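Engineer: After the structure tokens below, expect a handful of questions from me.
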């Protein structure tokens, strides 16, 4: 058994497994922050005419779900309470954001960036990756 393993790992051997190339993982957790006082209903009103898929609104909970035709689900959930970390709260304050949504994406939606940019044409703000430094980000043109 050891000899087989050695032959397999031998630099001169042609019995090497191909190196699997893995794609960079897509970001599935985002924050949408806007300087406008918006609700999930405002997002629903904006997205409905675009006919991107099925929209479900839970207005009293400030939650909107978009399910695209390829079964990708994009959930917007209003954050009633601010971030627990002071540094994150300071980021929101310094950028003048009054609405913050947690955005979860399940599935591979190739037009996600286009969707985010379209939302940002209506609502001033940005989409920020759920990372320690909020990067990468997609910002509206100011």
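Numbering (UniProt numbering), first residue to last: 1 to 142. A virtual CB, placed ideally from N, CA and C, is assigned to each residue, including glycine. Every value quoted in this text rests on a predicted model; they were computed, and no experiment measured them.
Can you tell me the Cα-Cα spacing of residue 43 and residue 114, whole angstroms?
Structural biologist: Distance between the alpha carbons of residue 43 and residue 114: 15 angstroms.
Engineer: Across the region 54–63 and the region 112–129, are there enough close Cβ pairs to call them in contact, namely three or more that are closer than 8 angstroms?
Structural biologist: With the cut-off at 8 angstroms, the region 54–63 and the region 112–129 do not touch.
Engineer: Three or more beta-carbon pairs under 8 angstroms between the region 127–138 and the region 59–77, yes or no?
Structural biologist: No, because fewer than three Cβ pairs between the region 127–138 and the region 59–77 fall closer than 8 angstroms, the two stretches do not touch.
Engineer: Considering only their Cβ atoms, is the gap separating residue 31 from residue 105 smaller than 8 angstroms?
Structural biologist: Not a contact, by the Cβ cut-off of 8 angstroms.
Engineer: Reducing DSSP to helix, strand and coil, say where residue 86 ends up.
Structural biologist: Three-state DSSP puts residue 86 in a helix.
Engineer: Going by DSSP, what residues sit across from residue 138 in a beta bridge?
Structural biologist: DSSP, once it has assigned bridges, lists 127 as partnering residue 138.
Engineer: Is the CB-CB distance between residue 35 and residue 82 below 8 angstroms?
Structural biologist: No; because the gap between Cβ atoms is not below 8 angstroms, this pair is not in contact.
Engineer: Please name the residue, chosen from 80, 123, 26, 110, that lies closest to residue 47 on a Cα-to-Cα basis.
Structural biologist: The shortest C-alpha separation from residue 47 is found at 123.
Engineer: Out of curiosity, what's the CA-to-CA distance linking residue 87 and residue 28?
Structural biologist: The straight-line gap from Cα to Cα measures roughly 22 angstroms.
Engineer: List the endpoints of the continuous alpha helix (DSSP H) containing residue 42.
Structural biologist: Here the alpha helix (DSSP H) through residue 42 covers 40–47.
Engineer: Are residue 77 and residue 102 touching if we call contact CB-CB under 8 angstroms?
Structural biologist: Yes, the Cβ-Cβ distance between residue 77 and residue 102 is below 8 angstroms.
Engineer: With 16 other CB atoms within 10 Å as the buried threshold, where does residue 141 fall?
Structural biologist: Residue 141 is exposed by the Cβ-count criterion.
Engineer: Going by CA-CA distance only, name the one from 92, 52, 130 that's closest to residue 109.
Structural biologist: The candidate whose alpha carbon is nearest that of residue 109 is 52.
Engineer: If you reduce the DSSP assignment to three classes, tell me which class residue 61 lands in.
Structural biologist: Looking at residue 61 - three-state DSSP - the assignment turns out to be helix.
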